[in-house]
Amino acid sequence: MSTRRTKQLREEVAVKKLALARDKGCVARWYVGTQVNDTTVPACFGRLEKDEIVSRSRGGSPTDLTNVQILCAGHNVWKEDHPTVAVALGLAKHSWAH
Numbered sequence: 012m013s014t015r016r017t018k019q020l021r022e023e024v025a026v027k028k029l030a031l032a033r034d035k036g037c038v039a040r041w042y043v044g045t046q047v048n049d050t051t052v053p054a055c056f057g058r059l060e061k062d063e064i065v066s067r068s069r070g071g072s073p074t075d076l077t078n079v080q081i082l083c084a085g086h087n088v089w090k091e092d093h094p095t096v097a098v099a100l101g102l103a104k105h106s107w108a109h
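Reading the sequence shown from the start, the letters are residues 12 to 109 in the working numbering.
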């Protein structure tokens with residue numbers, strides 16, 4: 012692994028620790044049971060993961076704490092399956108909105 016990639020991975024781990032301390036769990040837990048556009052936010056399940064509000068493929072940074080949140084595995088998959096609802100709840104942003 013390159014020195015650059017090793018440095019980036021270390022930064023990502025540090026940001027995840029900071030996000031865990033800030034978020035104290037899955038940020039989508041506050042929306043469980045909420046209904047938006049005929050979609051209901053499900054309960055939390057699975058391990059906690061670092062998630063990018065604006066994905067790196069859309070210009071978001073995995074090492075920018077303001078672009079990182081903690082989601083459980085279930086909500087991370089749910090967010091990808093329901094992007095419009097995720098944006099409405101603030102769990103995701105369009106790439107042009109950051």
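Even for Gly, the Cβ is constructed at its ideal location relative to N, Cα and C. Predicted, not measured: the structure shown is a model, and the values here were computed from it.
Using the rule of at least 16 other Cβ atoms within 10 Å of the residue's Cβ for burial, across every protein chain shown, is W89 buried or exposed?
buried
With H, G and I counted as helix, E and B as strand and the rest as coil, what does DSSP make of T77?
DSSP places T77 in helix when its eight states are reduced to three.
Within the same chain, show all residues whose beta-carbon is closer than 6 angstroms to that of H109, passing over the 5 residues directly before and after it, in chain order.
Only weak support exists for where H109 lies, its pLDDT of 49 falling under 50; the value from the coordinates is given anyway. The answer, listed in chain order, is V65.
Consult DSSP for T50 and reduce its assignment to one of helix, strand or coil.
strand
How would you call A25, buried or exposed, if buried means at least 16 neighbouring beta carbons within 10 angstroms?
exposed
I'd like to know whether the C-beta atoms of H86 and A32 end up nearer to each other than 7 angstroms.
no
Please state the DSSP three-state secondary structure of L82.
strand
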